[in-house]
Amino acid sequence: KAGVTQTPRYLIKTRGQQVTLSCSPISGHRSVSWYQQTPGQGLQFLFEYFSETQRNKGNFPGRFSGRQFSNSRSEMNVSTLELGDSALYLCASSPGTTGEQYFGPGTRLTVT
Amino acid sequence: GNSVTQMEGPVTLSEEAFLTINCTYTATGYPSLFWYVQYPGEGLQLLLKATKADDKGSNKGFEATYRKETTSFHLEKGSVQVSDSAVYFCALSVGDSWGKLQFGAGTQVVVTP
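Heads up: the protein sequence lines correspond to chains A and B, in order. Heads up, the first sequence is in my numbering, so the first residue is 1 and it goes up one at a time. Heads up, the second sequence is in my numbering, so the first residue is 113 and it goes up one at a time.
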């Protein structure tokens with residue numbers, strides 16, 4: 001099976017702009033989770049979607065949002081970008097309740 | 113709340129040395145426990161998992177045992193290779209929040225020839 005894919009891999013944006021990141025899960029996986037990875041804060045959970053519904057949400061401001069489509073593909077959006085949003089954004093998919101997640105390569109976002 | 117504590121790195125070893133990375137956790141309920149590995153420039157790869165007390169997860173020569181009495185899930189490998197150089201993350205998920213992983217800070221391992 002193909003792994004989790006994320007697009008784009010690299011992105012440079014300016015403060016105040018918005019950005020949309022895309023994630024395609026492993027075929028058959030209905031759960032998609034998003035994480036932010038930074039050197040200072042480590043890996044932090046953003047949100048999780050299952051069958052198009054947000055099941056869990058982390059402690060991030062409302063500028064961070066996401067959605068999931070009927071084919072399980074997911075997008076996350078960050079509006080009004082700040083310098084501190086520069087990070088590696090990781091998407092992971094899961095087959096279900098076992099908890100194991102399979103990660104994509106990430107999208108490296110740089111905000112200038 | 114739930115949390116994971118890992119030993120700080122970097123851990124520097126010679127090839128064929130024994131590796132141990134300590135991981136302890138705090139969780140409400142009975143967590144599932146995971147070790148992930150991240151190679152430079154890549155996403156995370158699931159290394160092994162354990163879903164209940166006394167379970168032993170193993171993969172590629174790595175092992176970890178779920179110890180409920182000490183709330184620990186230490187990662188071990190008997191003989192490391194240069195290719196094991198990476199950052200290792202301990203993580204947990206709990207109950208209905210199985211889609212939400214709580215990660216430790218990560219431990220960088222450097223193996224020298």
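Built from N, CA and C at the ideal position, the CB exists for glycine as well. Predicted model only: the values in this text are computed from it and were never measured.
Please go through the same chain and pick out, in chain order, the residues whose beta-carbon is closer than 6 Å to the beta-carbon of Gly169 (chain B), but skip the five residues on each side of it. Leu160, Lys161, Ala162, Ala176
* Ranges of the alpha helix (DSSP H) found wholly within the stretch 80 to 111 of chain A, counting only runs of at least 4 -> none
| Three-state secondary structure (DSSP) at Val4 (chain A)? | Coil at Val4 (chain A), not helix or strand.
Assign Gln101 (chain A) to one of two classes, buried (16 or more other C-beta atoms within 10 Å of its C-beta) or exposed (fewer than that).
-> buried
- Message: Using CA atoms only, rank isn't needed, just tell me which of A:Phe45, A:Ser65, A:Thr7 is closest to Ala203 (chain B).
- Response: It is A:Phe45 whose Cα lies nearest to the Cα of Ala203 (chain B).
Give the range of the beta strand (DSSP E) segment to which Lys172 (chain B) is assigned. It is not in any beta strand (DSSP E) - Lys172 (chain B) carries neither H nor E in the DSSP assignment.
field: Alpha carbon of Ser115 (chain B) to alpha carbon of Gln214 (chain B), nearest angstrom
entry: Their Cα atoms are separated by approximately 7 Å.
**C-beta neighbour in chain B for Thr80 (chain A), strict 9 Å** = Output row for Thr80 (chain A): interface = no.
Practice problem: Under 6 Å Cβ to Cβ from Tyr10 (chain A), same chain only, skipping five residues before and after it: list those, please. | Solution: Arg108
Using DSSP bridges, identify the partner residues of Phe50 (chain A). Bridge partners of Phe50 (chain A) according to DSSP: A:Ser31, A:Thr53.
Review point. Would you call Thr132 (chain B) buried or exposed, if buried means 16 or more other Cβ atoms sit within 10 Å of its Cβ?
Key: exposed
TODO: Answer with buried or exposed for Tyr142 (chain B), where buried requires no fewer than 16 other C-beta atoms within 10 angstroms of its C-beta.
DONE: exposed
Item to check | DSSP state of Ala66 (chain A) mapped onto helix, strand, coil | outcome: A small correction: the amino acid at residue 66 (chain A) is Gly; Ala does not occupy that position in the sequence shown. Three-state DSSP puts Gly66 (chain A) in a strand.
By a C-beta neighbour count over all protein chains shown, 10 Å radius and 16 as the cutoff for buried, is Gln54 (chain A) buried or exposed?
exposed
field: Which listed residue (A:Leu88, A:Pro25, A:Thr14) has its alpha carbon closest to that of Tyr49 (chain A)
entry: A:Pro25
Quiz item: What is the rounded straight-line gap between the Cα of Val111 (chain A) and the Cα of Tyr178 (chain B)?
Solution: Approximately 40 Å, taken between the alpha carbons.
Member of A:Ser70, A:Gly58, A:Glu52, A:Leu43 whose CA lies at the smallest distance from the CA of Val199 (chain B):
A:Leu43
**Prompt:** Of all the residues that make up the stretch 152 to 163 of chain B, which are near chain A by a beta-carbon distance shorter than 9 Å?
**Reply:** Listed in chain order, the positions of the stretch 152 to 163 of chain B with a beta carbon within less than 9 Å of a beta carbon of chain A are Gly153, Glu154, Gly155, Leu156, Gln157, Leu158, Lys161, Thr163.
Problem - Residues that DSSP places opposite Phe159 (chain B) in a beta bridge - result: A small correction: the amino acid at residue 159 (chain B) is Leu; Phe does not occupy that position in the sequence shown. The partner list for Leu159 (chain B) (beta bridge, DSSP) is empty, contrary to what the question assumes.
Indicate the three-state DSSP secondary structure (helix, strand or coil) for Ser205 (chain B) in the structure shown. strand
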